[in-house]
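Student: I have a structure here, written as structure tokens, and I will follow up with some questions on it.
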Amino acid sequence: MNITHQNIDDVNAVITVDLAPEDYNPQVDLIIKDQAKKAKLPGFRPGMVPVGHIRRTYGKSILFDEINKIVNDKIASYIGENKLEVLGQPLPIDNETDASTYNWDYADTFNFKYEIGIAPEFEVPFSAETEFTAYDIKADAKTLEERVKNLRRSYGKMTNPETSEEGDVLYATLKQDKEDGIEKTTSVRTDLIEDAKIKKSLIGLKSDDTVKIDVKKAFKVADLARILGITEEEAENLDVTKFDLTVKNINRLEESEINQEFFDKLFPAGEVTSEEEFTKKVTEEVENLFKQNSDQKLRNDIYTFGMEKVEVKFPDEFLKRWLKATNPKITDEELEEGFADFINNLKWTIIENRIITGNNLEVKYDEVVNLAKERIYSQIKMYNMNDEPTDEQLNQYAVQLLQDREQANRLFEEAKALKVFDNLKQTVKLKSKKIDYDKFEKLDK
């Protein structure tokens, strides 16, 4: 057996595999003998089917399958041994592997050619001289006020006042102003009303009061479709947009009072006993969340820098053929439309891989499990801040989650990205800068 590769240019190459009969016949003979022992055919006792019969009946099919297996295995080994950083998978060159060019009589000398795409060479553009800003985001008064308001509303109580105010939810009937028009009894959130004049007309209403509103002016299309129970297309194309709104009931969410009962709903009993401690806790919670915003900003800046600094070409035509081969249902239009994004993702993946290999980084199973536990813990706390799952429970949930291959792959890629990010934070120069959240939000704008 002989296997070689020849570079066409920096990012395209051809692998050639030559197989002589002595390279494949021993394996083919073993498979045929094994099939003879296992075959159950009419006229033959189990295990007594002659080898010659199997060879005459199924030999060419077995030969074809084994040749494919041997070639694929040898190409994979060759790529690994020669440390070729290939993109996609090798593709057989048209007409080079046409089965009709051989006799398939166990005496052929086979010659197969495959095209491969090679990852471009480049220097990873991150060093101790590369400087980035790491933002230390502080909670401004407005952000804290909004967070406290949301917490008070979350633990507030629903009341039914006699007269409506701004922010109330009206349980009302909406009736289209035409014969046999739409009529729907539903909840109408006044905070979703876009038109100031219409919003004002819904203040001061009592049960059984009726006002006429233009629903197209009042609501966004998506909200209107949901309120009326119709499709967005139907909402967009309403022929009559004037509706009578008749109030049936008024619902108001009263914010919780800031007292010990409220504190104990949010935190373990007795941990917070004053408004000052509550404010401090909320500030810590908000600023911990801001650390995620800061990290994401830093990751985005690093990504943008790396993508701009690495200017390379890819084997575009090969990659398009490979994408078509592995996604036969994709149209030429879809391929062209998404190809630029595909190349960008591929480029960053190669940068990440070079950082991993260059620094001997490794993503371990325990790290993926711990990441799964973090994600599960965050989800649990999102729905119930007082629910504190045990480590044993989190382990159990994580193992169950990782049994889903798609979820496991996603978490592995996320763990890999985090490992690369942590390595880059140790590599580059980080300049810390304090900033209020409202100013941070405006940075990219």
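Note that the sequence shown ends on residue 445 in our numbering; no numbers are left out. Note that the Cβ used here is the ideal one computed from N, Cα and C, for glycine as well.
Have a look at the DSSP bridge pairing and note the partners of residue 117.
Tutor: Its beta-bridge partners are 12 and 87.
Student: Hey, quick one: how far does the alpha helix (DSSP H) through residue 221 stretch, first residue to last?
Tutor: Element bounds for residue 221: 221-228.
Student: Which two residues bound the contiguous beta strand (DSSP E) that contains residue 183?
Tutor: Unbroken beta strand (DSSP E) run through residue 183: 183-189.
Student: How many angstroms separate the CA atom of residue 77 from the CA atom of residue 21?
Tutor: Approximately 20 Å, taken between the alpha carbons.
Student: Could you give the residue range of the beta strand (DSSP E) that holds residue 252?
Tutor: That run of the beta strand (DSSP E) goes 242-254.
Student: Just tell me which of 51, 195 and 282 has its CA closest to the CA of residue 149.
Tutor: Among 51, 195 and 282, the Cα nearest to that of residue 149 is on 282.
Student: Between the C-alpha atoms of residue 163 and residue 207, what's the straight-line distance to the nearest angstrom?
Tutor: Going from the Cα of residue 163 to the Cα of residue 207 covers about 8 Å.
Student: When you compare the CB of residue 208 with every CB in chain C, is at least one pair closer than 7 Å?
Tutor: Looking at the structure shown, chain C is missing, and only one protein chain is on hand.
Student: From this set, 70, 86 and 403, which residue's C-alpha is nearest residue 111's C-alpha?
Tutor: Checking every option, the nearest Cα to that of residue 111 belongs to 70.
Student: Rounded to a whole number of angstroms, what is the C-alpha to C-alpha distance between residue 391 and residue 372?
Tutor: Looking at the two C-alpha atoms, the distance is approximately 12 Å.
Student: Since residue 169 and residue 189 should fall inside the 8 Å C-beta cutoff, what is the C-beta to C-beta distance between them, to a whole number of angstroms?
Tutor: Going by Cβ atoms, the distance from residue 169 to residue 189 rounds to 5 Å, so yes, they are a contact pair.
Student: Give every residue of the same chain whose Cβ lies closer than 8 Å to the Cβ of residue 357, excluding the five residues on either side of it in the sequence, and list them in chain order.
Tutor: Hits under 8 Å: none found.
Student: Near residue 128, what residues of its chain come up, given a Cβ to Cβ distance below 8 Å and the 5 sequence neighbours on each side ignored?
Tutor: Closer than 8 Å at Cβ, skipping near neighbours: 427, 428 and 429.
Student: Applying the criterion that 16 or more other CB atoms from any shown protein chain within 10 Å of the CB defines a buried residue, is residue 13 buried or exposed?
Tutor: By the neighbour-count rule (16 or more Cβ atoms within 10 Å), residue 13 is buried.
Student: What is the DSSP secondary structure of residue 458, counted as helix, strand or coil?
Tutor: As shown, the chain starts at 1 and ends at 445. That puts residue 458 outside it, with no answer to give.
Student: Just reading off the beta strand (DSSP E) that residue 169 is part of, what are its end residues?
Tutor: Run containing residue 169: 169-176, per the beta strand (DSSP E) assignment.
Student: Determine, using beta carbons only, whether residue 250 and residue 327 come nearer to each other than 7 Å.
Tutor: Contact flag unset, no.
Student: Once the 5 residues before and after residue 315 are set aside, which same chain residues still bring their CB inside 6 Å of it?
Tutor: Here the set comprises 11, 12 and 117.
Student: With the cut-off set at 7 Å, would you say residue 106 and residue 2 are in Cβ contact?
Tutor: No, Cβ-Cβ distance for residue 106 and residue 2 is not below 7 Å.
Student: Using beta-carbon positions only, say whether residue 178 and residue 229 come within less than 7 Å of one another.
Tutor: No, these two residues do not count as a Cβ contact at 7 Å.
Student: Is the beta carbon of residue 62 closer than 7 Å to that of residue 31?
Tutor: Yes, the pair counts as a contact, with Cβ atoms nearer than the cut-off.
Student: With a 10 Å radius around its C-beta and 16 neighbouring C-beta atoms as the bar for buried, classify residue 442 as buried or exposed.
Tutor: With fewer than 16 Cβ atoms within 10 Å of its Cβ, residue 442 is classed as exposed.
Student: What is the rounded straight-line gap between the Cα of residue 399 and the Cα of residue 173?
Tutor: Rounded to whole angstroms, residue 399 to residue 173 spans 49 Å at the Cα level.
Student: CB residue 446 to CB residue 152, shorter than 7 Å?
Tutor: No answer is possible for residue 446: it lies beyond the span of the chain, which begins at 1 and ends at 445.
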